[in-house]
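The block underneath contains the structure these notes are about, expressed in structure tokens.
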Amino acid sequence: MREGLIRFATMTGAVAQAALWLAGTGLVLMTVFVFAQVFYRYAIGSSLFWAEPAAVMLMGWFIFLGAAVGVKEGYHLSFDVGLMVVPESWRPWFHSFSDVVVTGFGFGMAWFGWQLAARASTGVVPGLGISRLWDFAPLIGGGVLLMLFSVERILRRAAGLRTMRFGDNDDAIDGEIDGLAGAGSAAALMAADPRTTDPHATDPRADRTTTAAPRARKGD
1 MREGLIRFAT MTGAVAQAAL WLAGTGLVLM TVFVFAQVFY RYAIGSSLFW AEPAAVMLMG
61 WFIFLGAAVG VKEGYHLSFD VGLMVVPESW RPWFHSFSDV VVTGFGFGMA WFGWQLAARA
121 STGVVPGLGI SRLWDFAPLI GGGVLLMLFS VERILRRAAG LRTMRFGDND DAIDGEIDGL
181 AGAGSAAALM AADPRTTDPH ATDPRADRTT TAAPRARKGD
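Residue numbers are given in UniProt numbering: position 91 of the sequence shown equals residue 91, and the series is strictly consecutive.
Written out as structure tokens, the structure reads:
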């Protein structure tokens with residue numbers, strides 16, 4: 001199961017990378033469209049009738065795609081004050097409960113987003129001439145990705161694999177146990193450091209052979 005989840009993490013990592021590139025591209029395009037609209041309105045005295053609805057639609061895409069990628073990479077902030085007063089063995093259960101809540105939220109986004117899209121599909125977006133279904137498509141796409149990445153985190157934690165959280169710098173595909181990741185790497189680094197194996201290497205003065213003459217006592 002662990003090997004299968006690690007391979008699955010590679011696939012979802014590619015999906016998250018593609019979503020991140022799409023979100024970044026949408027952010028850049030939205031900025032360009034808004035700048036062009038302002039320039040045309042105040043410098044040329046005209047207007048790009050399609051710029052505003054296109055910018056709003058792109059904003060929805062990069063917000064929800066970016067939020068889903070944040071779940072995959074563990075970028076979202078969390079309040080862990082309560083975890084400080086519970087036993088260490090309880091913490092993965094609270095983390096999994098949080099992921100279950102996010103999964104339910106993603107399901108709600110996809111379900112109700114689909115219903116809204118179905119009701120609005122007969123309408124047309126002013127200025128773009130496309131179906132209003134695309135106004136709610138970011139809700140559906142973002143919700144599906146939220147469910148995918150949250151379920152992956154739950155399964156990885158159940159299998160004893162590491163899940164990324166805010167502030168972590170280690171790779172989540174390393175297969176280490178949740179809460180203990182990095183211990184193997186730290187041990188390897190310590191073993192490779194001569195200062196941890198050679199007691200003389202901890203002090204540069206230790207290799208010096210010095211003999212101090214006994215201090216002469218008064219009267220000798």
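The C-beta atom is built at its ideal place from N, Cα and C for all residues, glycine as well.
For F39, the uninterrupted alpha helix (DSSP H) run begins and ends at 2–39, by DSSP. Shown here, S46 sits in coil according to DSSP, grouped into three states, outside any helix or strand. In the DSSP assignment, V124 forms a beta bridge with S131.
In the three-state DSSP reduction, F64 falls in the helix class (H, G or I).
Separation of the CB atoms of A19 and L65 is rounded to 5 Å, and the pair is thereby assigned contact status at 8 Å. For H95, the secondary structure class from DSSP, reduced to helix, strand or coil, is helix. Cβ-Cβ separation between A55 and L145: approximately 22 Å, too far for a contact (criterion under 8 Å). In terms of Cα proximity to R156, the closest of V15, R119, S96, M109 is S96. L161 carries a coil assignment under DSSP once its states are collapsed to helix, strand and coil. Cβ neighbours of P138 within its own chain (closer than 6 Å, five residues either side excluded): G60, W61, F64. Ranked by Cα distance from G82, the first of E73, F94, V102 is F94. A residue is called buried when at least 16 other Cβ atoms come within 10 angstroms of its Cβ; R153 meets this threshold and is buried. The C-beta distance from F149 to V71 rounds to 5 Å, short enough to meet the 8 Å contact threshold. Here the alpha carbon of Q37 sits roughly 6 Å from the alpha carbon of A51.
Distance from the CA atom of V125 to the CA atom of A117, rounded to whole angstroms, is 12 Å. CA-to-CA, the gap between G45 and M30 works out to about 21 Å. DSSP, reduced to helix, strand and coil, places F136 within a helical segment of the structure shown.
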